[in-house]
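Numbering (our numbering), first residue to last: 31 to 230.
A virtual CB, placed ideally from N, CA and C, is assigned to each residue, including glycine.
In this text, all values refer to a predicted model and were calculated from it rather than measured experimentally.
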Amino acid sequence: MIRLLVADDHKIVRDGLKRILAATPDLQVADEAASGDEALRLVRSNDYEVAVLDMSMPGLAGIDLIKRLKLEKPKLKLLVLSMHGEAQYAARALKAGASGYLNKDSAAEQLVGAIRKIAAGGVHISEAAALGLLSTGQLSDRELEILRLIAGGLSPTEVAEKLHLSVKTVSTHKTNIQQKLGVSSTAELVRYALEQKLVD
31 MIRLLVADDH KIVRDGLKRI LAATPDLQVA DEAASGDEAL RLVRSNDYEV
81 AVLDMSMPGL AGIDLIKRLK LEKPKLKLLV LSMHGEAQYA ARALKAGASG
131 YLNKDSAAEQ LVGAIRKIAA GGVHISEAAA LGLLSTGQLS DRELEILRLI
181 AGGLSPTEVA EKLHLSVKTV STHKTNIQQK LGVSSTAELV RYALEQKLVD
């Protein structure tokens with residue numbers, strides 16, 4: 031029996047996950063959390079094989095939450111569920127200690143398969159994410175941030191103001207991003223960002 035913790039700030043999502051997992055005899059949702067802080071508290075006082083985590087919750091969340099949970103329970107396997115396009119977040123989640131990354135658009139059987147795979151010591155990442163890792167994984171956190179802002183319609187001057195950088199620094203980052211992604215114009219950058227679901 032694989033004991034699970036399900037952490038998501040939306041009750042309807044938690045209920046949906048519990049319903050899917052309840053239909054699977056070898057999986058048991060032992061506890062649920064509505065925030066990263068609650069997830070951390072539960073992990074400190076209980077043992078689970080796998081924690082299924084939403085990437086963005088109130089309080090402690092995302093990469094910080096992954097790192098804290100792994101610090102508390104190094105053997106705990108973490109499966110990240112996210113609405114974000116996989117490529118740009120999967121690399122960071124795995125680097126921080128997650129064993130798997132799944133987009134919330136995935137089918138129920140993919141979720142069950144991913145949980146079983148990481149519980150057995152494997153790593154789960156979709157084909158789309160694996161391909162995306164080859165490109166977006168090369169970007170630094172700052173470059174990714176700048177790419178998202180440019181793709182969101184901000185000019186280099188506006189990006190510079192928002193991030194408290196010089197326009198020259200932003201332009202240098204933009205040139206580096208274009209080289210790393212193999213694109214030659216702002217329009218191509220925007221298209222890339224949209225394809226990778228880097229902007230809402």
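Determine the DSSP secondary structure at residue i, reduced to helix, strand or coil.
i: L35; result: strand
i: D45; result: helix
i: D77; result: coil
i: L83; result: strand
i: S201; result: helix
i: G143; result: helix
i: A91; result: coil
i: K227; result: coil
On the DSSP bridge assignment, give the partners of residue i in chain order.
i: G151; result: Answer by DSSP bridge pairing: none, since G151 is not bridged.
i: Y131; result: V110 and I155
i: Q58; result: R33
i: A63; result: A37
Just tell me which of the options has its CA closest to the CA of residue i.
i: I145; options: G46, E191 and Q58; result: Q58
i: S136; options: E62, S112, G152 and D77; result: S112
i: P104; options: D39, L83, D77 and I32; result: D77
i: D67; options: A223, L34, G152 and E102; result: E102
i: L224; options: L169, I180 and G89; result: I180
i: G300; options: A138, K147, H114 and E139; result: Here the chain comprises residues numbered 31 to 230, so residue 300 is not present and cannot be evaluated.
i: L174; options: S65, K204, A149 and R221; result: K204
i: A81; options: L108, L72 and S65; result: L108
i: G46; options: G151, T199 and V142; result: V142
i: K100; options: A120, L124, P88 and D84; result: L124
i: L90; options: H114, E79 and A37; result: A37
i: Q168; options: E188, N133, T202 and L211; result: L211
i: M85; options: M31, E79, L106 and V110; result: V110
i: R172; options: R98, A128 and H194; result: H194
Taking the alpha-carbon positions, what's the residue i to residue j distance?
i: S75; j: A69; result: 10 Å
i: A126; j: I93; result: 6 Å
i: L51; j: A217; result: 43 Å
i: Q208; j: I176; result: 11 Å
i: I42; j: L35; result: 16 Å
i: R122; j: P55; result: 32 Å
i: I155; j: A120; result: 8 Å
i: R49; j: Y222; result: 36 Å
i: P88; j: A149; result: 26 Å
i: A64; j: R33; result: 18 Å
i: K198; j: K192; result: 14 Å
i: G182; j: V229; result: 6 Å
i: D61; j: H40; result: 15 Å
i: V73; j: Q226; result: 32 Å
i: L95; j: L106; result: 13 Å
i: E139; j: A53; result: 11 Å
i: S214; j: S201; result: 13 Å
i: L219; j: V189; result: 15 Å
i: R71; j: S185; result: 42 Å
i: R44; j: N133; result: 15 Å
I want to see whether chain C comes within less than 8 Å of residue i, judged by CB atoms only; does it?
i: L219; result: Absent from the structure is chain C; it holds one protein chain and no more.
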